[in-house]
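Visitor: This is the structure I have questions about; it appears just below.
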Amino acid sequence: KRAAFSSTNFDNILTWETEADLASGTVFDVQYKQYGGGPWLNKSECQGITRPFCNLTRETENFTEHYYARVRA
Numbered sequence: 001k002r003a004a005f006s007s008t009n010f011d012n013i014l015t016w017e018t019e020a021d022l023a024s025g026t027v028f029d030v031q032y033k034q035y036g037g038g039p040w041l042n043k044s045e046c047q048g049i050t051r052p053f054c055n056l057t058r059e060t061e062n063f064t065e066h067y068y069a070r071v072r073a
């Protein structure tokens, strides 16, 4: 499903939708990278999580850059 960043007061939160028939206990892993290159990096606090959001503020604090993020179930 779709994932999107929201930014409020410089807090950058990635949220995502889940399928209605998602199995109970499904866990998610979040990765991010800077636009234009570089490897995908794991967000350590958002590995094996069950909630549909992840705080990427620290990883995306340079507001002059653009970032990608992805979620894997």
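According to UniProt numbering, the sequence shown is numbered sequentially starting from 1. Glycine is no exception: its CB is placed at the ideal position from the N, C-alpha and C atoms. For clarity, every value in this text was computed on a predicted model and none was experimentally measured.
1. Taking C-alpha atoms, which residue in 59, 68, 64 lies nearest to residue 11?
2. So what does residue 56 bridge to, in DSSP terms?
3. Considering only residues of the same chain and omitting the five flanking positions on each side of residue 57, which have a CB-CB separation below 8 Å?
4. Count the other CB atoms within 10 Å of the CB of residue 32; is the residue buried (16 or more) or exposed (fewer)?
5. Going by DSSP in three states, residue 73 sits in which element: helix, strand or coil?
6. Measuring alpha carbon to alpha carbon, tell me which of 1, 48, 53, 65 ends up nearest residue 25.
Guide: Based on what the coordinates show:
1. 59
2. In the DSSP output, where bridge partners are listed per residue, residue 56 has none listed.
3. 10, 11, 12, 13
4. buried
5. Coil.
6. 48
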